[in-house]
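Numbering (the numbering used here), first residue to last: 36 to 551. Structure record follows, encoded as structure tokens.
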Amino acid sequence: MSVRVRFAPSPTGYLHIGAARTGLFNWLYARKTGGKFLLRIEDTDLQRSTDESTRSILEGLAWLGLDYDEALVFQSANADKHRAAALRLVAAGRAYRDFTPKAERADKNVKQEIAERARERAEEGVDMRANPYRELPLEESDARAAAGEPFAVRLKVPREGKTHFEDAVYGPQERAYAEIEDLVLLRSDGHPLYNLSVVCDDIEMGITDVIRGQDHLTNTHKQVLIYEALGAPVPRFAHLPLILAPGGKKLSKRIHGEIVSLTTYRDAGFLPAAFRNFLALLGWAPTGAQPAADATTGHDETQPDQHAGELMSLDELIRNFSLERVHRNSAIFNFDANNPKRWTDDKLLWMNAEYLRTLPFEELLPLLRAELEATGLWRPEYGADERAWFEQTVDVIRQRFFTLKDFSEQGRAYFADDFAFDDAAVKKNLQKDARLKELLPALAAKLETVEPWNVETVEAALRAYADEAGVKAGLLINAARTALTGQAVGPSMFEVFDLLGRARSVARLRAAAHLI
RNA sequence: GGCGCAUUGGUGUAGUCGGUUAACACGCUGCCCUCUCAAGGCAGAGAUCACGGGUUCGAGUCCCGUAUGCGCUGCCA
Numbered sequence: 036m037s038v039r040v041r042f043a044p045s046p047t048g049y050l051h052i053g054a055a056r057t058g059l060f061n062w063l064y065a066r067k068t069g070g071k072f073l074l075r076i077e078d079t080d081l082q083r084s085t086d087e088s089t090r091s092i093l094e095g096l097a098w099l100g101l102d103y104d105e106a107l108v109f110q111s112a113n114a115d116k117h118r119a120a121a122l123r124l125v126a127a128g129r130a131y132r133d134f135t136p137k138a139e140r141a142d143k144n145v146k147q148e149i150a151e152r153a154r155e156r157a158e159e160g161v162d163m164r165a166n167p168y169r170e171l172p173l174e175e176s177d178a179r180a181a182a183g184e185p186f187a188v189r190l191k192v193p194r195e196g197k198t199h200f201e202d203a204v205y206g207p208q209e210r211a212y213a214e215i216e217d218l219v220l221l222r223s224d225g226h227p228l229y230n231l232s233v234v235c236d237d238i239e240m241g242i243t244d245v246i247r248g249q250d251h252l253t254n255t256h257k258q259v260l261i262y263e264a265l266g267a268p269v270p271r272f273a274h275l276p277l278i279l280a281p282g283g284k285k286l287s288k289r290i291h292g293e294i295v296s297l298t299t300y301r302d303a304g305f306l307p308a309a310f311r312n313f314l315a316l317l318g319w320a321p322t323g324a325q326p327a328a329d330a331t332t333g334h335d336e337t338q339p340d341q342h343a344g345e346l347m348s349l350d351e352l353i354r355n356f357s358l359e360r361v362h363r364n365s366a367i368f369n370f371d372a373n374n375p376k377r378w379t380d381d382k383l384l385w386m387n388a389e390y391l392r393t394l395p396f397e398e399l400l401p402l403l404r405a406e407l408e409a410t411g412l413w414r415p416e417y418g419a420d421e422r423a424w425f426e427q428t429v430d431v432i433r434q435r436f437f438t439l440k441d442f443s444e445q446g447r448a449y450f451a452d453d454f455a456f457d458d459a460a461v462k463k464n465l466q467k468d469a470r471l472k473e474l475l476p477a478l479a480a481k482l483e484t485v486e487p488w489n490v491e492t493v494e495a496a497l498r499a500y501a502d503e504a505g506v507k508a509g510l511l512i513n514a515a516r517t518a519l520t521g522q523a524v525g526p527s528m529f530e531v532f533d534l535l536g537r538a539r540s541v542a543r544l545r546a547a548a549h550l551i
């Protein structure tokens with residue numbers, strides 16, 4: 036049977052990077068096996084689900100390039116089927132109606148409350164099968180339901196025995212029935228609960244492999260029980276290690292904020308390919324990961340590489356991916372909220388810069404164009420008459436950029452005249468030496484007559500003038516860098532002169548004299 | 001509390017059936033290059049493989065225990 040996997044996020048906030056990683060692994064597995072990758076929005080918690088979240092999830096997946104096969108499924112649309120399934124189990128004696136009034140629970144310290152209750156129950160040795168309605172005759176149960184008495188539906192978990200399944204990542208798993216309560220399938224208001232809905236939908240969608248976060252590992256036993264009660268084949272399971280915050284703490288939206296949202300990275304100018312590559316390496320590694328230089332790419336499209344590097348194209352990712360190589364311990368997503376330079380994982384930043392430097396210009400262009408358009412720096416000429424200039428400029432400046440944002444921020448001076456001057460750069464390169472107030476305009480005058488205008492001629496002219504004025508060429512070069520780009524750092528200065536052209540260069544040298 | 005899972009340098013990872021100096025990437029330090037900053041090149045610091053026992057001629061690799069972290073334990077998903 037061909038593989039069918041699904042990614043099933045709940046739309047209760049933006050797309051979490053951990054969820055994105057789960058989506059990626061599902062997608063990779065589907066593409067690797069020639070199977071189908073389906074998408075299901077688990078919006079059964081109507082209180083918390085929002086359309087905006089759904090949009091954000093869809094956008095995030097599209098950004099990562101994770102296209103899904105077949106129609107998008109909204110779990111809430113299947114509630115009637117889930118309800119019917121629960122009632123079918125009641126009729127078959129695999130579940131029962133529980134007429135116990137619903138216990139109200141303060142929504143605040145749920146986790147703590149649950150743990151406390153579990154502890155008390157364990158200490159008192161409460162029998163989890165002691166529900167008075169568990170053995171209520173079906174006729175009586177039907178009658179009370181027909182009379183309008185509210186009820187929840189619970190799965191009738193056998194007293195003796197255990198569930199077991201083979202997890203592709205965590206290996207064989209077992210759990211005694213005695214440790215599993217008679218879980219609620221249907222709330223007393225008729226609302227189907229998560230474990231039931233998931234199983235019903237996975238059955239209906241023909242899911243063969245359930246790949247999801249490790250937080251569902253122990254839930255899986257309950258779901259296996261539901262599959263069995265429903266008489267459906269149990270799929271294969273693969274649970275993925277969690278992604279944690281520095282210190283091994285849970286990575287949460289509430290505590291860590293934007294850092295966990297996929298859209299943060301898109302908006303910060305990360306390249307989808309780079310982010311995807313980074314994400315793939317969280318909890319998974321190709322066989323005997325080696326430096327990229329040693330990659331002995333066999334160029335067999337279907338076989339994993341002997342020694343894949345860490346930088347992998349989408350095709351390489353697909354080719355090398357396997358659930359067997361997903362490991363079990365959780366990964367830490369490293370970042371430092373108090374350090375602007377380290378606001379996100381170092382390796383992610385490095386990887387993005389690497390992609391930015393090496394991506395074929397054609398592939399970079401649309402992303403760059405979007406960034407420049409968004410910041411009002413794009414000019415149609417860049418795609419037409421000035422395309423050669425644009426490409427040359429981008430190739431020069433991208434060598435030391437980290438994100439797409441750098442093109443519109445540090446790189447603004449290449450595309451517009453209204454760029455900002457970095458204070459530290461002005462102090463260091465312009466105000467450091469008062470002579471520059473005269474030297475810069477004089478240099479401008481010299482450059483006005485240089486023919487032709489290119490890297491060599493400008494360099495020769497500048498060095499000649501430095502000699503003539505009795506100053507080190509470096510003084511003029513560094514001052515010019517700040518005068519022309521507003522920055523203290525950047526590409527080789529003569530390249531910059533060449534790219535900006537005579538008119539702009541000269542004008543900016545003169546204008547900068549006023550800053551001294 | 002119970003049950004489950006995990007634990008290799010700061011981070012991500014490699015380490016096939018246990019076999020001499022624990023590998024790679026990011027980050028960090030220094031040097032080279034140089035008009036700055038990156039990139040690149042070179043050199044280096046950083047791990048008694050969580051801890052304690054055991055099995056073995058020999059254990060990161062197998063077994064037991066402890067600690068720590070995480071997950072589940074809900075008429076949340």
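For each residue, glycine too, the CB sits at the ideal point set by N, CA and C.
- Query: If we count the other Cβ atoms within 10 Å of its Cβ and call it buried at 16 or more, is A327 buried or exposed?
  - Reply: Because the pLDDT of A327 is 41, which lies under 50, any placement of that residue in the model is unreliable, and the number read from its coordinates should be weighed accordingly. A327 should be labelled exposed.
- Among T410, R189, E486, nearest to I215 - alpha-carbon criterion: Checking every option, the nearest Cα to that of I215 belongs to R189.
- Just how far apart, CA to CA, sit A366 and K288? Cα to Cα, the separation comes out at about 17 Å.
- Item | Between the CA atoms of D350 and E170 - distance to the nearest angstrom | 56 Å
- L465 versus A409, R543, T410, A548, residue with shortest Cα-Cα distance: A548
- 4-residue-minimum alpha helix (DSSP H) runs that sit fully inside the region 159-225, ordered along the chain: Runs of the alpha helix (DSSP H) lying entirely within the region 159-225 and spanning at least 4 residues, in chain order: 173-181.
- Can you tell me where the alpha helix (DSSP H) with K116 in it begins and where it stops? 114-126
- Would you report the Cα separation of S443 and E397, rounded to the nearest angstrom? 19 Å
- Message: Going residue by residue through the region 351-428, where are the continuous beta strand (DSSP E) segments of at least 3 residues, counting only ones entirely within it?
- Response: none
- Give the single residue among G509, N166, L497, E473 whose Cα lies nearest to the Cα of T484. L497
- Query: Does the pairing of the region 487-505 with the region 516-532 give three or more beta-carbon distances under 8 Å?
  - Reply: yes
- For R247, which residues does DSSP report across the bridge? H274
- Give a single yes or no on whether E263 has its beta carbon closer than 7 Å to a heavy atom of the ligand SAM. Among the components modelled here there is no ligand, and therefore nothing to report on the ligand SAM.
- Cβ distance (whole Å) where L544 is taken to contact L475 below 8 Å: 5 Å
- Message: Using a Cβ-Cβ cutoff of less than 6 Å, which residues in the same chain neighbour S296 once the five nearest sequence positions on both sides are dropped?
- Response: Y49
- For R41, name the three-state secondary structure that DSSP assigns. strand
- Are the CB atoms of N369 and P281 nearer to each other than 8 Å? yes
- Task: In the DSSP assignment, find the beta strand (DSSP E) that holds F72 and state where it starts and stops.
- Result: 71-76
- Query: Are the region 356-364 and the region 384-404 touching by the rule of at least three beta carbon pairs closer than 8 Å?
  - Reply: no
- Item | Through-space distance from L316 to E293, alpha-carbon basis | 21 Å
- Item | DSSP beta-bridge partners of S527 | In the DSSP output, where bridge partners are listed per residue, S527 has none listed.
- Item | Option in R516, V493, T255, V192 with minimal Cα separation from D162 | If we check each option's Cα against that of D162, V192 comes out closest.
- Whole-angstrom distance between S348 and H334, CA atom to CA atom: Only weak support is given to the placement of H334: the predicted model assigns it a pLDDT of 39, under 50, and the value that follows is read from those uncertain coordinates. Their backbone Cα atoms lie some 13 Å apart in a straight line.
- Query: Y103 lies in the beta strand (DSSP E); which residues open and close that run?
  - Reply: First-last for Y103: undefined, no H or E at that position.
- Cβ pair L265, V234 closer than 8 Å: yes
- Message: I need the boundaries of the beta strand (DSSP E) containing R132, first residue and last residue.
- Response: 130-133
- Considering only C-alpha positions, which residue in the set A187, E426, N312 is nearest to L124? A187
- Item | C-alpha distance - G509 paired with A423, whole-angstrom precision | 30 Å
- Give the DSSP-derived three-state secondary structure of S84 in the structure shown. Here S84 carries a coil assignment [DSSP, helix/strand/coil].
- Nearest-angstrom Cα separation, counted from R118 out to E336: Here the model assigns E336 a pLDDT of 48, short of 50, so the residue's position is not dependable, and the following value carries that caveat. Near 46 Å, if we compare the C-alpha coordinates of R118 and E336.
- Buried or exposed for P270, please, with buried defined as at least 16 other CB atoms from any protein chain shown within 10 angstroms of its CB. Classification of P270: buried, given that the 10 Å Cβ count is 16 or more.
- Does the distance from the CB of A405 to the CB of A460 come in under 8 Å? no
- Message: Pairs of beta-carbons, one from the region 50-60 and one from the region 238-254, closer than 8 Å: are there three or more?
- Response: yes
- Confirm, please, whether the CB-CB distance from Y205 to L252 is below 8 Å. In this structure, Y205 lies closer than 8 Å to L252 by Cβ.
- Task: Output yes or no for whether 8 Å exceeds the beta carbon distance between L384 and F437.
- Result: yes
- Item | Contacting residues, own chain, Cβ-Cβ under 6 Å from G525 (five flanking each side not counted) | R516
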